[in-house]
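Have a look at the structure below, then the notes.
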Amino acid sequence: MKKNKKEEAVMSHAPVETQEELPIIEFSDVEMEFYMGTEKIDGLKEFFIKFIKGKIDRTKKKVLDGISFNVKKGESVAIIGHNGAGKSTTLKIITGILKPTKGSVKVRGNVAPLLNLGAGFDFEATAKENIYLNGAILGHSKKELEKKYNDIVEFSELHDYMNVPLKNFSSGMVARLGFAIAIDVDPDILLIDEVLAVGDENFRQKCAKKISELKEKGATFIVVSHSMGQIKQLCQRAIWIENSKLVADGPVDEICAKYEEYCRNNKH
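Residue numbering for the sequence shown follows the numbering used here, beginning at 1 and increasing consecutively.
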């Protein structure tokens, strides 16, 4: 009698891979290239003249070069490296904003990106209208957002400004609203890129508390920050990317120590 795969695995003592055991994020041999302009062009008119004459000089820049890593459900992982190393590009690929030039990326779960708070907002529309607009961009229905509306307003502390157009908001108020929308959807994966310094000290503490609550619920975190103290507080693991290459991957204290030593020896 023919045995099914599960029975064969039990007989051979091999583990049976289930959906729960699969990594929540799989990065496999990912490469990312961009075309970069090699000269300064002043104005749209000059660009079109050079374009028509075939005088636009562009060169390819490899931002990620053969990057591979997996992230398990519930892990909190920092991505560290100097400016231009490829950290933010990695997050944008995870969200689907960018498609890699080569390699494959698998993401299992809903993603809340805190990459550029205020991205996707309509600054002519009111704060209330933007909650529904931005929430829809993040993949949430109007019905879901109606249920969460009061919580979003409460967290943002912008009760008196919901009917005010965003063009009249300060950058800090826009960041508060963006954080409140993204953080209130109970994401499986939260991507954080240098955005935890929004608002005053009380609001930053509120953000940190909310993130701790999500960690306790089993959310997965990918964090980009230049603050080693913040990284060590939030993350258990660090991935170091430098000059588009993966340099090291391991316990956060160990990798951060290696990175800080590298920084001391290689002043940027």
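For each residue, glycine too, the CB sits at the ideal point set by N, CA and C.
Considering only residues of the same chain and omitting the five flanking positions on each side of N110, which have a CB-CB separation below 6 Å? For the purposes of this step, residue 110 is taken as residue 110 along the sequence shown, with counting starting at 1. Answer for N110: P187, D188, listed in chain order.
What separation, rounded to the nearest whole angstrom, lies between the Cα atoms of K142 and V174? As a working mapping, residue 142 is identified with position 142 in the sequence shown. As a working mapping, residue 174 is identified with position 174 in the sequence shown. When rounded, the distance between both Cα atoms is 21 Å.
So, helix, strand or coil for T112, using DSSP? Working through the sequence shown from its first residue, we reach residue 112 at position 112. Going by the sequence as given, residue 112 is Ala instead of Thr. Note: A112 maps to strand in three-state DSSP.
With 16 other Cβ atoms within 10 Å as the buried cut-off, status of L22: Here residue 22 corresponds to residue number 22 of the sequence shown, with the count starting at 1. By the 10 Å Cβ count, L22 comes out exposed.
Go to A182, then tell me how far its alpha helix (DSSP H) extends in each direction, as first and last residue. As a position in the sequence shown, residue 182 is number 182, starting the count at 1. From DSSP, the alpha helix (DSSP H) with A182 extends over 171-183.
Cβ-based neighbour list, E33, same chain, cut-off 8 Å, excluding 5 preceding and 5 following: Taking the first residue of the sequence shown as 1, we reach residue 33 at position 33. Excluding residues within five positions, the ones whose Cβ falls inside 8 Å are K60, K61, K62, V63, T101.
Exposed or buried, what is C263 when buried is set at 16 or more other beta-carbons lying within 10 Å of its beta-carbon? Locating residue 263 in the sequence shown gives position 263, where the first residue counts as 1. The residue in question, C263, is exposed, as its Cβ has fewer than 16 Cβ neighbours within 10 Å.
For the structure I just gave you, are there three or more beta carbon pairs, one from the segment 152-160 and one from the segment 68-81, closer than 8 Å? no
Run the proximity test for A219: is its beta-carbon closer than 6 Å to any non-hydrogen atom belonging to the ligand GDP? Inclusion of the ligand GDP in the displayed structure is not the case, the ligand content being empty and no account of it being possible.
Leaving out the 5 sequence neighbours to the left and right, which residues in its chain are closer than 6 Å to I222 when beta-carbon positions are compared? Here the question's residue 222 lines up with position 222 in the sequence shown. Excluding residues within five positions, the ones whose Cβ falls inside 6 Å are V77, L191.
Could you name the residues that DSSP lists as bridge partners for G250? Locating residue 250 in the sequence shown gives position 250, counting from the first residue. For G250, which the question treats as bridged, DSSP gives the partners A238.
Sorted by chain position, which residues of the same chain lie with C-beta nearer than 8 Å to V164's C-beta, five sequence neighbours on each side aside? Sequence index remark: in the sequence shown, residue 164 carries index 164 (1-based). Around V164: T126, A127.
Report the partner residues of M32 according to the DSSP bridge assignment. If you number the sequence shown from 1, residue 32 lands on position 32. According to DSSP, M32 bridges with L64.
For Y149 and K215, what's the separation of their Cα atoms in angstroms? Within the sequence shown, numbered from 1, the residue matching residue 149 stands at position 149. Within the sequence shown, numbered from 1, the residue matching residue 215 stands at position 215. Cα to Cα, the separation comes out at about 23 Å.
Own chain residues within Cβ distance below 6 Å of L145, not counting five before or after: For this step, residue 145 is matched to residue 145 along the sequence shown. Closer than 6 Å at the Cβ level, and outside the excluded window around L145, lie Y132, G135.
Would V252 and A238 be called neighbours here (beta carbons separated by less than 7 Å)? Working through the sequence shown from its first residue, we reach residue 252 at position 252. Working through the sequence shown from its first residue, we reach residue 238 at position 238. Yes, Cβ-Cβ distance for V252 and A238 is below 7 Å.
How about I25 and V107: do their beta carbons lie closer than 7 Å? In the sequence shown, residue 25 corresponds to position 25, counting from 1. In the sequence shown, residue 107 corresponds to position 107, counting from 1. In contact: I25 and V107 (Cβ atoms closer than 7 Å).
Here's the rule I'm using: 16 or more other beta-carbon atoms within 10 Å means buried, otherwise exposed. How should A257 be labelled? For the purposes of this step, residue 257 is taken as residue 257 along the sequence shown, with counting starting at 1. With fewer than 16 other Cβ atoms within 10 Å, it is exposed.
Just the Cα atoms here: how many angstroms apart are F69 and N168? Taking the sequence shown and counting its residues from 1, the one referred to as residue 69 is at position 69. Taking the sequence shown and counting its residues from 1, the one referred to as residue 168 is at position 168. If you take the alpha carbons of F69 and N168, they lie about 42 Å apart.
Would K72 count as contacting chain D if we go by Cβ distances under 7 Å? Absent here is chain D; the protein component of the structure consists of one chain.
DSSP three-state call for G135: helix, strand or coil? For the purposes of this step, residue 135 is taken as the residue at position 135 of the sequence shown. In the three-state reduction of the DSSP assignment, G135 falls in the helix class, which pools H, G and I.
Distance between beta carbons of V30 and V105, contact taken as under 8 Å: Reading the sequence shown from its first residue, position 105 is the one you call residue 105. Reading the sequence shown from its first residue, position 30 is the one you call residue 30. The Cβ separation is near 6 Å, so the contact holds.
Would you list the residues sitting across from L191 in a DSSP beta bridge? For this step, residue 191 is matched to residue 191 along the sequence shown. Paired residue(s): P113, I222.
Three-state secondary structure (DSSP) at F123? Working through the sequence shown from its first residue, we reach residue 123 at position 123. Here F123 sits in coil by DSSP.
Are I231 and A85 touching if we call contact CB-CB under 7 Å? As a working note, residue 231 is residue 231 in the sequence shown. As a working note, residue 85 is residue 85 in the sequence shown. No; because the gap between Cβ atoms is not below 7 Å, this pair is not in contact.
Alpha carbon to alpha carbon, what distance is there between A112 and A182? Mapped onto the sequence shown, residue 182 falls at position 182. Mapped onto the sequence shown, residue 112 falls at position 112. Straight-line Cα distance between these residues: approximately 6 Å.
With DSSP as the reference, label E157 as helix, strand or coil. If you number the sequence shown from 1, residue 157 lands on position 157. If DSSP states are grouped into helix, strand and coil, E157 belongs with coil.
With DSSP as the reference, please indicate the residues paired to N70 in a beta bridge. Translated into the one-based positions of the sequence shown, residue 70 becomes position 70. In DSSP, N70 forms a bridge with E26.
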